[in-house]
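Read the structure below first, then the notes.
2 protein chains.
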Amino acid sequence: MQKNLEDQIVKLAKQARAAGRAMALVSTAEKNQALKKMAAALKSRAGYLIAENQKDIRVGQARGLSSAMLDRLLLNEKRIEGMACSLREAAGLPDPVGEIMRQWKRPNGIEIKKVRVPIGVIGIIYEARPNVTSDCAALCLKSGNAVILKGGKEAFNSNRAIDAVLRQALKGTKIPANAIQLVQSTDREAVKILLQQNASIDLIVPRGGEGLIRFVAENSLIPVVKHYKGVCHTFVSATADLKMAEEICYNAKVQRPGVCNAMETLLVQEKIAARFLPVMAQRYWAAGVELRGCAKTRAILGKQVKSAAEDDWYAEYLDLILAVRVVKDVGVAIEHINKYGSNHSDAIVTRDKKEADRFLREVDSATVYINASTRFTDGYEFGFGAEIGISTDKIHARGPMALEELTTYKYQIYGKGQIRS
Amino acid sequence: MQKNLEDQIVKLAKQARAAGRAMALVSTAEKNQALKKMAAALKSRAGYLIAENQKDIRVGQARGLSSAMLDRLLLNEKRIEGMACSLREAAGLPDPVGEIMRQWKRPNGIEIKKVRVPIGVIGIIYEARPNVTSDCAALCLKSGNAVILKGGKEAFNSNRAIDAVLRQALKGTKIPANAIQLVQSTDREAVKILLQQNASIDLIVPRGGEGLIRFVAENSLIPVVKHYKGVCHTFVSATADLKMAEEICYNAKVQRPGVCNAMETLLVQEKIAARFLPVMAQRYWAAGVELRGCAKTRAILGKQVKSAAEDDWYAEYLDLILAVRVVKDVGVAIEHINKYGSNHSDAIVTRDKKEADRFLREVDSATVYINASTRFTDGYEFGFGAEIGISTDKIHARGPMALEELTTYKYQIYGKGQIRS
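If you're matching them up, the sequences are chains A and B in order. In the working numbering, each residue's number is its place in the first sequence (first place is 1) plus 26. In the working numbering, each residue's number is its place in the second sequence (first place is 1) plus 26.
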């Protein structure tokens, strides 16, 4: 069984490598045509997809999945239209492949071009939402890569159906069917084996909870670009426009608390804490936000605010809970963020340009903001037209990742017989 | 002992993280001043360095190191001047940190800047040459990073002396001494422990033989950018200027056979093989090059050419040995290179533009050449002014790596109170 599984995954990976080589040579028009065919196929096979999805839903109900989980798992006409829409959008995005990133000539006459090319084979390891299957396939294909998808067991039947429909749609296009492959196993061992295929897979992008991502990072021989969590901060400086601060802090926490770019800790400069916190707390309480504060916060807001423990400063609540700390100045705020944060997205609200510049420079995070909500850390909000993930790593890609981040480059050198002396 | 070693390395890594944070804020002028002080210190402490190096030489002699190895290990006035020169050169190079790589405005008015920043902490794991210690320290510091160095046991005393002199030179500069740290252990276990410090080290660059690099890649939780070996090819097309081909093929093999960008396999198109190979072979034989050929090569050159085995196509000889294969056309040449090559540097000699373009596009290597010697794959030859390594990976950096490749970026976002709706 284990041996069979290994054979199966090694075969998959080798097929992906071959498909990736072919993919790199497919023209933009051919890729776009294939993406549109894939979109049409999802829509025309909606009945089949929904029937397969219902199998997962029934298993999920029997297993006692929460209603939130079941909702994430569900496919219906509207969601299938959403998936098709993502495929058509990918077709409409500019193709990053072939861009000449830089070009120069050396004194000996050789010309060097740094040209953007696909990475090759991308592995996506993800959890319940079945739309990830088609969304990720779309972006990998558009950027000229082959993709290996490994979804969660909850969506097993749904993912298998989506994969089958997409592969079927590739027939008659210039894209080999093996450019999209799904690992047809619910065994976690399959993930481990996949992560050893560094000869055939170039990059792993895990998407899901911190547990899954740590498992992937710790077991991979293949480079992984990832974020574990988003412990995002907003620091309200004494010089801030407090009305602006209020709107930003409210939005960053409340607008969609379950996502990685939502604020988890509010830092307030001591000088204005007694003025700002009571107003802010009223708005949070009205929205049902639980506050967990440092001693100074509690001195201002009262004992109904729970005392924040050390763990709260590290916490990604993904919920209507907020840690609040009163800090002396921007220096302490930066220290706090670099110590407890997750290098994801952090904001300062200030009217002091020098203070703002210091914050931007010294906070060691992928995305740093002056006077805006951290909720903008997102491929679409950045104008990339897509998002395959967000990286808090520093190697290869940082921040929101889209098509460009699924490419690498090669140097093409044009000589006239030059040799080295 | 093991526990002590672990404590020591964890401490080193944490100190490096703190030093890296400080390094990122040091100005270009301050970095350059420190680099010049380091250069001067090496020269003024040359006697001490040579005395410490002699300890290594004596141990090496007693251990029976080859004379080539002992030569690589040796420090003398001239080589110390070379190290000092590299430090001064690093001071003279443009600082990549702070470059605005891209800048744009979104419809909602937020401005996004993609700004080049240091990576943080770089680990360099390398073998015998002690000059690597100062060369790598120079490039890491210039690019705003802290560095942890782990050299080979053969150069233990030399590396310790260089490290001490460089750290001493940092006193009175804006660079914290812990921006340069050497792992003071000859235990391979130390490397393993170092490779687990992913909380404090951001990137590992291994330099040395394939064995060391595989050990690093297989044991690292930290991203590694590397090349295992350089199995470089030159394909001589039937349309080539054969005189040009001869010079390029001679240079790529003979000029310096012991380096990763030297040619290891010559591919010749069948149509001109009987014309080209005898001339080429004469030149190779005159230079003492051993040829190992396919059946067709031997049919042309005679049985004095050894028969190439399957292993020869994968071999990085690093010596005056060359595998030779006659191939039908550019398609077979590309297939051969993508199958047996190491994705390092591969060249075509041709006068056919279409064939050249196909080769550049389809050969999946970091650096691909038309009508030039593969020996140009090098940070200095590319005009980067330095080289910290060469990558055949596709993640983060590909090809010659210098200062830019030791940086990442962050997104700095300028708002006026924008919130997400």
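Using N, Cα and C, we set each Cβ at its ideal position, and we do this for glycine too.
Relative to the Cα of Val191/A, the nearest Cα in the group Lys436/A, Ile201/A, Ala72/A belongs to Ala72/A. Interface residue (Cβ-Cβ distance to chain B less than 8 Å): Asn79/A is not classified as such. In this structure, DSSP gives Cys286/A a state outside helix and strand, which the three-state scheme calls coil. Along the length of the region 349-385 of chain A, whole beta strand (DSSP E) runs at least 3 residues long occupy 371-375, reported in chain order. For a cut-off of 8 Å, the C-beta gap from Leu268/B to Glu316/B is around 23 Å, too long to register as a contact.
Thr54/B: member of the alpha helix (DSSP H) spanning 54-70, first to last residue. Annotation: the continuous alpha helix (DSSP H) that includes Cys111/A extends over 103-118.
Rounded to whole angstroms, the separation of the alpha carbons of Leu220/A and Lys354/B is 36 Å.
Around Pro232/B, no beta-carbon contact reaches into chain A at under 7 Å, the shortest distance being about 14 Å.
Among the CB atoms of chain B, none fall inside 8 Å of the CB of Pro283/A. Of all residues in the region 142-155 of chain A, only Ile145, Gly146 come within less than 8 Å of chain B when Cβ atoms are compared, listed by chain position. Counting only the Cα atoms, Leu91/A lies some 52 Å from Gly235/B. The shortest C-alpha to C-alpha distance from Ile360/B to any of Arg387/B, Arg89/B, Cys111/B is the one to Arg387/B. Following the DSSP letters along the chain, one finds Cys320/B in no beta strand (DSSP E), marked with neither H nor E. Among the CB atoms of chain B, none fall inside 8 Å of the CB of Ile227/A.
From the beta-carbon of His422/A, the residues of chain B found nearer than 7 Å are Ile421, His422. In this structure, Gln28/A sits away from Val394/B, with a CB-CB distance that is not shorter than 8 Å.
For Gln438/A, the enclosing beta strand (DSSP E) has its first and last residue at 433-444. The C-beta separation of Thr433/B from Ile145/B comes to about 6 Å, placing the pair in contact by the 8 Å criterion.
Under the DSSP definition of a beta bridge, Lys176/B partners with Ile151/B.
For a Cβ distance threshold of 7 Å, residue set Arg424 of chain A lies close to Tyr435/B, ordered along the chain. The beta carbons of Asn102/B and Ile76/B sit closer together than 8 Å. Secondary structure at Asn224/A: coil, using DSSP grouped into helix, strand and coil. The three-state secondary structure of Lys297/A, taken from DSSP, is helix.
With 16 or more other CB atoms across the displayed protein chains lying within 10 angstroms of its CB, Tyr276/B is buried. Residues of chain B whose Cβ lies closer than 7 Å to the Cβ of Asp97/A do not exist; the shortest such Cβ separation is about 22 Å. Note that the C-beta distance between Asn224/A and Ala44/A is not below 8 Å.
Within the region 119-131 of chain A, contact with chain B at the beta-carbon level (separation under 8 Å) is assigned to Trp130. By DSSP's assignment, Gly415/A forms a beta bridge with Met427/A.
Scanning Phe402/A, Gly135/A, Tyr340/A for the CA closest to the CA of Tyr254/A turns up Tyr340/A. Under the 8 Å criterion on CB atoms, Phe408/B is classed as interfacial with respect to chain A.
With respect to chain B, the C-beta atom of Val242/A has no partner C-beta closer than 8 Å. Minimum Cα-Cα distance from Glu78/B among the listed residues Asp161/B, Val231/B, Ile188/B, Ala428/B corresponds to Ile188/B. Per DSSP, the continuous beta strand (DSSP E) segment holding Val394/A begins and ends at 393-398. Of all residues in the region 187-211 of chain A, none places a beta-carbon less than 9 Å from a beta-carbon of chain B. By the Cβ-count criterion, Val217/B is buried, with 16 or more other Cβ atoms from all chains shown falling within 10 Å of its own Cβ.
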